[in-house]
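Accompanying notes for the structure given below.
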Amino acid sequence: MMSRVVPYQFGPYLPIHGRKSIIASIAAAYVVASIASGLYFLDSVNTSFSNDIWWPHYNLSAYQAFIIDAANDILATRSTGQWDILSSSISKDYSSPTSSTDVNPSYVRQLLFHELTTIEYAVANLRSLSADQSLGVFTQYCWVDFNQRFEMAHTTLRQARCRQRYMANAATYMESVLRNQNWNEFTLAYGGDGGLFTVTIQDAIQATEEGRLWLARTSTAATTLTETEEVAFWKTANLTKFQLPWHNAFLTGIAESIAIENAWGMTQQIYIKQFSRKKASWTSIILFWSLINDLTSLQALNRSAVRMASNSFVQSPAIDLERLASRMEVDGTYVNQRKLFRSVLGPFNSVDAWFVVSPTELNTLVQNITLPRLTEKLLTFYPIPPSWNFSNATYYGGSPLCVASDGRSYVQQTFDLSDNCASPQPLSMEVSLSTATMALIIMNATKNSSWLIPSICASQTTNLCESFLKASLVIAGNMTVNASLVSAARKAVQNLNVSLMQFAVLPNNSWTLLQQPLIARDTVWRFYGWYYLADWAQSRRSVVLFEGDFASLALMSTRSTLQSFLTSTGYLSSATRIVSLVALYTSSVLTFFALLCGIHLVRLKLHDVCEDNILYFNRVVSFVWVGRPLLLVRGIAALIMLSTSQIELVYVVDQGRSRLEFSPRLWPKTVIVAGESLWVAYVVIDFLQLIWSQRLSKYFVTLGSIFAWAVVVAIELLAPVYPVATLNRQCEAIDMDSSIECSSGLVQIGSFGRVITFIAVQVGCLIFAAAVTVIFQKSPQGMAYRSYQHHILGSAEPYFIVHDSDETKSWSLDPVSCVMAGLIPFTFFNRRHFVFDLKLWVIVKNTSVMPTNSICFTKSEPTLPRDTMVTAKRLRKKYMIWLDKLLLLGGTSYMIAAIIGSILYIQVARVNFANDLSWANFNLTVTHVFLGSWLNEQLALGTDKIVFNLDASDLSYLGEIDPNSPSISMPSTFGSHVQHSEFSSLQAAISSLRTTQACSVPWIFTQYCYLDFSKRWELANSALRQKRCIDMASNGALYLEALLRNVVFAEFLACWGDAFNISIANELAQSKEGREWLTQSAFSSRLSITDEIQIWQSYNLSTFDTQWQNFKSIGIQSTYSIVNAYGPHTLAQSMRNSQAK
46 MMSRVVPYQF GPYLPIHGRK SIIASIAAAY VVASIASGLY FLDSVNTSFS
96 NDIWWPHYNL SAYQAFIIDA ANDILATRST GQWDILSSSI SKDYSSPTSS
146 TDVNPSYVRQ LLFHELTTIE YAVANLRSLS ADQSLGVFTQ YCWVDFNQRF
196 EMAHTTLRQA RCRQRYMANA ATYMESVLRN QNWNEFTLAY GGDGGLFTVT
246 IQDAIQATEE GRLWLARTST AATTLTETEE VAFWKTANLT KFQLPWHNAF
296 LTGIAESIAI ENAWGMTQQI YIKQFSRKKA SWTSIILFWS LINDLTSLQA
346 LNRSAVRMAS NSFVQSPAID LERLASRMEV DGTYVNQRKL FRSVLGPFNS
396 VDAWFVVSPT ELNTLVQNIT LPRLTEKLLT FYPIPPSWNF SNATYYGGSP
446 LCVASDGRSY VQQTFDLSDN CASPQPLSME VSLSTATMAL IIMNATKNSS
496 WLIPSICASQ TTNLCESFLK ASLVIAGNMT VNASLVSAAR KAVQNLNVSL
546 MQFAVLPNNS WTLLQQPLIA RDTVWRFYGW YYLADWAQSR RSVVLFEGDF
596 ASLALMSTRS TLQSFLTSTG YLSSATRIVS LVALYTSSVL TFFALLCGIH
646 LVRLKLHDVC EDNILYFNRV VSFVWVGRPL LLVRGIAALI MLSTSQIELV
696 YVVDQGRSRL EFSPRLWPKT VIVAGESLWV AYVVIDFLQL IWSQRLSKYF
746 VTLGSIFAWA VVVAIELLAP VYPVATLNRQ CEAIDMDSSI ECSSGLVQIG
796 SFGRVITFIA VQVGCLIFAA AVTVIFQKSP QGMAYRSYQH HILGSAEPYF
846 IVHDSDETKS WSLDPVSCVM AGLIPFTFFN RRHFVFDLKL WVIVKNTSVM
896 PTNSICFTKS EPTLPRDTMV TAKRLRKKYM IWLDKLLLLG GTSYMIAAII
946 GSILYIQVAR VNFANDLSWA NFNLTVTHVF LGSWLNEQLA LGTDKIVFNL
996 DASDLSYLGE IDPNSPSISM PSTFGSHVQH SEFSSLQAAI SSLRTTQACS
1046 VPWIFTQYCY LDFSKRWELA NSALRQKRCI DMASNGALYL EALLRNVVFA
1096 EFLACWGDAF NISIANELAQ SKEGREWLTQ SAFSSRLSIT DEIQIWQSYN
1146 LSTFDTQWQN FKSIGIQSTY SIVNAYGPHT LAQSMRNSQA K
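Note that my numbering has the sequence shown beginning at 46, numbered continuously upward.
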């Protein structure tokens, strides 16, 4: 039965008004404080949930850029283990809106040629190698099979070298690739009659019984053996590694990422480096020209690559693969560097090149030298080995790959890994203060070793050499290093015989290959030698071992040129920003009803209210007016904030370095956020009330909430969450040596374990409070239970105090409590009184208001009398019973169908809601690149203001988009095109000039003809050009006045005042006319753009077109908009790039 209001027959609460007013005031103050803290909480939740990592203030250009730089820095020396991210610092300021990281290309070489060489890695990735690329793996085979029965080396001496040095390397056996191929696909690509593999390899193998058995086993290995069994098979063949030789035919691509994990355990991958495979100079072709070239050449001649075959290339008439590579003169001879190369190293096309990593002993030595923070100034030195210093010698280069370079009178640069042999350069090194200091420390230089400096600087042309090294010596003189470490490093390097080389013609006209070991007795050269080695240990240089038929050379390379990877152009996911909107909504509702209740309190003068009910404002109003799901979201959001590390990026000015700093919340903020987390406990309690004594729950709820809040605050203050970073590089190859994809680490910015801990704390405190409440409420008085339930109160029933009357079977509630409980009293025509029940969405009729303004309700009976129920049941017809059953079946079926439909909807919606655009399958790596590139193409072609369908057949992109290296293509001159077309109008020019920084004005490239629009003062560099200016007089870019009128002249003078005064202003000051013009053009207030255009047009100026130049490229930033997107996505962005100074 519905409750209704009945005549008032009993008194009010009969409190003492003074006491009631005080308690009501305290309760009101509590509500105000809780609302205020909730509003303050909004700022914190908005900051924390501005991204899906839930890292406050996290952005792409600063925080993510720092993480990328720091990760690249640590991964250069380590691949596994814990990473103290708070100790990482980078010498960079991240305040710029754009950021990039410098990646050492030696990193991917070290991975490919040294670290990723285990046979487990090889087997796993060879099985994913496509058939088309199977013969393209860049390696120089020694044998076809693991049993070394079928030899493949080009020369007899190389075959002997294979047996001596390469037997354990699976990359020298073709079987390692063949047995992991899908044989049907491989045969389709290279087999069959006349096929490349058939003619050059298979025919020779099938000629023997042993070969046929081997071929049968090899062709089925991929389908009959698991990866583990395959690895075991390799080990039985005594294979321990799969190491590919070095080459510079192409640069292997890499896509390396780390994951950032938030407090909910969700991860977000960020790429710390991403470069696609690209072609290189391939000057290493003289060492070995690839297997494909071998097989293609021999197939054309119907010869076999297997040395034992009857038609082998070594059988008469022998095929000289060196000559096929065309490394000789027309007459078949070798001269100059080529002749010297062959006489020292051995024949071309039969040289093995191996990437050599710095020895452990050298790495240990360098890592044990801890230097203070130094400003990394670079100075160019020209180190000349003393034994190479000949007066009339001619030097032909320090790279064995450049065998056709011209001679110079100076010693040329050493071997470069990407050398194209195009432009000879002198032997030089970029010397940094830190590494120079390191070299001096290793040399055991002291403060009294200043005599070293003049001898080191003797061959240098710069006057800064001595002062530079003296600064290094001051630091080195106060530091020492363990002599045993130096000795061990020296011995390790000497065993490798790392050196420099130089092709040279000595004064006696004899060709000589000069060599200079890096470890030498000469004191002066020791400095340069240790500097090279320190660079090597820090991966700034590389060493390649060239092994020929006659000798070996381990050569130190030039310093690696870093590759720039733009880190601020990604997409920062922020789908969980809706959490801040939920928090805003809940606070808005609570604030509104707090104000509404406050108005009632003022109207009632704090008298006719139950002050105890006001203390439960949050629990009652939130459940009635907000809703449990939203409150649960708000509470969990607070728990997530408490479980997320509070770290921020700071720039230390005096050190010139950026680092992450742990910055815990202030304790008042912690208290507020901990209080907000109690919404989780409130929701749990609300569910427990279904099975718990309602009168008892009122007491344990308050006690449990206080306990939980105190414990959460204590945990957060005493043991806050710190970030945890772990390195664990796991890589996989794409076509073995084409590209590498690595997942290298995890940064845990939040702790899901801490979230669980806080939830457990709240539940535990509630259980504890419940136990305490039961113990102290065992008396009958304490366990008093209402004979009637006030169901109309809903969630407020356990907390509210109401006045019951057993005589009239009615109860009353004050207006403030009614509003809190979702009962809105109102009067109709000032006669009838009603209450609108928001929870049930019904109007309670026949209501009346008591003299104390309280609302009186009748008590509801819980059930109908039993005899009434039985009678009603007997009256029902049988067909009605069957109808009920059918309705029950139909309802159940509908419910199941609705649930299944909801699940299916979620699955379908996951595609559409996978991004913030609600665009199915849209992503930044393919879709965005496609659209951006196509739109750029249309803009470059001059297409404008068109409507097109995205699925039109003529809307296409030439080529394949590489998702591992997403970049939007655009013409390099597109910025210039737009500048000289669309932005040459007067409107665009004047608007742009007014937004140009005044200090940048001289860099606007134009040759001025006149100072003023009236052409009174001429500026051309020559009389003939001044005449030529007449034909260009309509171009505003020829007048300096055009700029002076539209920039902030005071800022211009601050940067260029002296130069402007000497070159122009002083001359103008000589005449009244000049002074007046300068005042009017530069110092007078600006006109509107429309009036300014009219001024220009009055002088017959129609365009503003600057001149062509190539010292900088003109940047452009263009965007396209997607409906329902949060903001524009970058279409094309080309930053200004100064190419010369």
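Built from N, CA and C at the ideal position, the CB exists for glycine as well. Because the structure is a prediction, the values reported are computed rather than measured.
Q. When you compare only the Cα positions, how much space is there between W1048 and S1017?
A. Looking up residue 1048 in the sequence shown gives position 1003. Looking up residue 1017 in the sequence shown gives position 972. Distance between the alpha carbons of W1048 and S1017 is about 20 angstroms.
Q. Whole alpha helix (DSSP H) runs in the stretch 696-775 with 4 or more residues, listed along the chain?
A. Whole alpha helix (DSSP H) segments, 4+ residues: 712-721, 724-733, 739-763.
Q) Looking at C-alpha atoms only, which residue of L530, Q793, R372, P417 is the closest neighbour of Q314? A) In the sequence shown, counting from the first residue as 1, residue 314 sits at position 269. Nearest C-alpha to Q314 among L530, Q793, R372, P417: Q793.
**Q.** E275 versus S597 - alpha carbon distance
**A.** In the sequence shown, counting from the first residue as 1, residue 275 sits at position 230. In the sequence shown, counting from the first residue as 1, residue 597 sits at position 552. If you draw a straight line from the Cα of E275 to the Cα of S597, it is about 34 angstroms long.
Q | Complete runs of the alpha helix (DSSP H) confined to the stretch 531-577 [at least 4 residues] | A | none
Q | Helix, strand or coil at R203 [DSSP, three-state] | A | Mapped onto the sequence shown, residue 203 falls at position 158. Looking at R203 - three-state DSSP - the assignment turns out to be helix.
Q.
Bridge partners for A778 per DSSP, in chain order?
A. Position 733 of the sequence shown, counting from 1, holds the residue named residue 778. A778 is bridged to I785.
**Q.** Length of the line joining the Cα atoms of D248 and D365
**A.** Here residue 248 is taken as the residue at index 203 of the sequence shown, counted from 1. Here residue 365 is taken as the residue at index 320 of the sequence shown, counted from 1. D248 and D365: Cα-Cα distance of roughly 21 angstroms.
Q: Decide yes or no for the touch test of the stretch 276-296 against the stretch 762-775: beta carbon pairs closer than 8 angstroms, at least 3 of them.
A: At 8 angstroms Cβ cutoff, the stretches do not touch.
Q. Which residues share a DSSP beta bridge with L611?
A. As a first step, residue 611 must be located in the sequence shown, where it is residue number 566. Partner(s): S145.
Q | Span separating the alpha-carbon of Y640 from that of V669 | A | Translated into the one-based positions of the sequence shown, residue 640 becomes position 595. Translated into the one-based positions of the sequence shown, residue 669 becomes position 624. Reading off the sequence, residue 640 comes out as Leu, not Tyr. Approximately 16 angstroms between the Cα atoms of the pair.
(Q) Which residue marks the beginning of the alpha helix (DSSP H) containing I317, and which one marks its end? (A) The count along the sequence shown starts at 1 and reaches residue 317 at position 272. Note, I317: premise wrong, no alpha helix (DSSP H); beta strand (DSSP E) at 312-320.
Q) Using the beta-carbon count (16 or more within 10 Å), is A528 buried or exposed? A) Within the sequence shown, numbered from 1, the residue matching residue 528 stands at position 483. Exposed is the call here.
Q. What do you get for E160, buried or exposed, if any count of 16 or more other CB atoms within 10 angstroms of its CB means buried?
A. Stepping through the sequence shown from its first residue, residue 160 is reached at position 115. Exposed, since its Cβ has fewer than 16 Cβ neighbours within 10 Å.
Q) Going along the chain, which residues of its own chain have a beta-carbon closer than 7 angstroms to the beta-carbon of L9, five neighbours each way excluded? A) The first residue shown for the chain is 46 and the last is 1186, placing residue 9 beyond what the model contains.
Q) For the 8 angstroms Cβ check, are there 3 or more pairs between the stretch 980-989 and the stretch 1108-1117? A) no
Q) Tell me the DSSP bridge mates of I303? A) Counting from 1 along the sequence shown, the entry for residue 303 is found at position 258. BP columns for I303 point to I315.
Q) Which residues bound the beta strand (DSSP E) around G126? A) Taking the sequence shown and counting its residues from 1, one reaches residue 126 at position 81. 125-128 is the span of the beta strand (DSSP E), which, as asked, contains G126.
Q. Going by beta carbon distance, what residues of the same chain come within less than 6 angstroms of Y441, once the five residues before and after it are set aside?
A. For the purposes of this step, residue 441 is identified with residue 396 of the sequence shown, where counting begins at 1. Q382, S450, G452, F548, listed in sequence order.
Q: Evaluate D929 with the Cβ neighbour count: other Cβ atoms within 10 Å of its Cβ, from every protein chain shown; 16 or more gives buried, anything less gives exposed.
A: Indexing the sequence shown from 1 puts residue 929 at position 884. It is exposed - the Cβ of D929 has fewer than 16 other Cβ atoms within 10 Å.
Q: Could you name the residues that DSSP lists as bridge partners for G888?
A: Start at 1 with the first residue of the sequence shown, and residue 888 comes out as number 843. At residue 888 the sequence reads Ile, which differs from the Gly that was named. In the DSSP output, where bridge partners are listed per residue, I888 has F881.
Q: Give me the Cβ distance between L180 and L346, rounded to the nearest whole Å; I'm assuming they're in contact under 8 angstroms.
A: Residue mapping note: residue 180 aligns to position 135 of the sequence shown, counting from 1. Residue mapping note: residue 346 aligns to position 301 of the sequence shown, counting from 1. The Cβ separation is near 18 angstroms, so there is no contact.
Q. What is the residue span of the alpha helix (DSSP H) that S23 lies within?
A. Any answer about residue 23 is impossible in this case: the structure gives the chain only from 46 up to 1186.
Q | Contact set for Q539: own chain, Cβ-Cβ below 7 angstroms, skip 5 residues either direction | A | Locating residue 539 in the sequence shown gives position 494, counting from the first residue. Hits under 7 angstroms: I564.
Q: With a floor of 4 residues, list each alpha helix (DSSP H) that falls wholly inside the stretch 238-276, ordered by position along the chain.
A: 248-251, 254-269
Q) How is T480 classed by DSSP in three states: helix, strand or coil? A) For the purposes of this step, residue 480 is taken as the residue at position 435 of the sequence shown. T480: helix per DSSP, three-state reduction.
Q. Among the residues of its own chain, which have a CB less than 8 angstroms from the CB of R368, if the five just before and after it don't count?
A. Here residue 368 refers to the residue found at position 323 of the sequence shown. Once the five neighbours on either side are set aside, the close Cβ partners of R368 are G377.
**Q.** Contacts around A304, its chain only, beta-carbon distance under 6 angstroms, and the 5 residues preceding and following it disregarded
**A.** In the sequence shown, counting from the first residue as 1, residue 304 sits at position 259. The answer, listed in chain order, is T312, Q314, L791.
Q: Would you tell me roughly how many angstroms separate the C-alpha atoms of L407 and R535, rounded to the nearest one?
A: Within the sequence shown, numbered from 1, the residue matching residue 407 stands at position 362. Within the sequence shown, numbered from 1, the residue matching residue 535 stands at position 490. Across the structure, L407 and R535 are spaced so that their CA atoms are roughly 8 angstroms apart.
Q.
Need the endpoints of the alpha helix (DSSP H) that V806 sits in, please.
A. Here the question's residue 806 lines up with position 761 in the sequence shown. V806 -> alpha helix (DSSP H) spans 797-821.
Q: Check whether the Cβ atoms of F967 and T621 lie closer than 8 angstroms to each other.
A: Position 922 of the sequence shown, counted from the first residue, corresponds to residue 967. Position 576 of the sequence shown, counted from the first residue, corresponds to residue 621. Taking 8 angstroms as the Cβ cut-off, F967 and T621 do not qualify as a contacting pair.
(Q) Spatial neighbours of S175 within its chain, please: C-beta separation below 7 angstroms, excluding the five flanking residues on both sides. (A) Translated into positions along the sequence shown, residue 175 becomes position 130. So the qualifying residues of the chain are D780.
Q. According to DSSP, is M940 helix, strand or coil?
A. Translated into the one-based positions of the sequence shown, residue 940 becomes position 895. M940 falls in the helix class under three-state DSSP.
Q. Since S89 contacts V718 with CB under 8 angstroms, what's their CB separation in whole angstroms?
A. Residue 89 sits at position 44 when you count from the first residue of the sequence shown. Residue 718 sits at position 673 when you count from the first residue of the sequence shown. S89 to V718, Cβ: 6 angstroms. Contact.
Q. Going by DSSP, what residues sit across from Y440 in a beta bridge?
A. For the purposes of this step, residue 440 is identified with residue 395 of the sequence shown, where counting begins at 1. According to DSSP, Y440 bridges with R453, A549.
Q: State the Cα-Cα distance for the pair F745 and A815, rounded to the nearest angstrom.
A: Taking the sequence shown and counting its residues from 1, one reaches residue 745 at position 700. Taking the sequence shown and counting its residues from 1, one reaches residue 815 at position 770. The alpha-carbon atoms of F745 and A815 are separated by roughly 5 angstroms.
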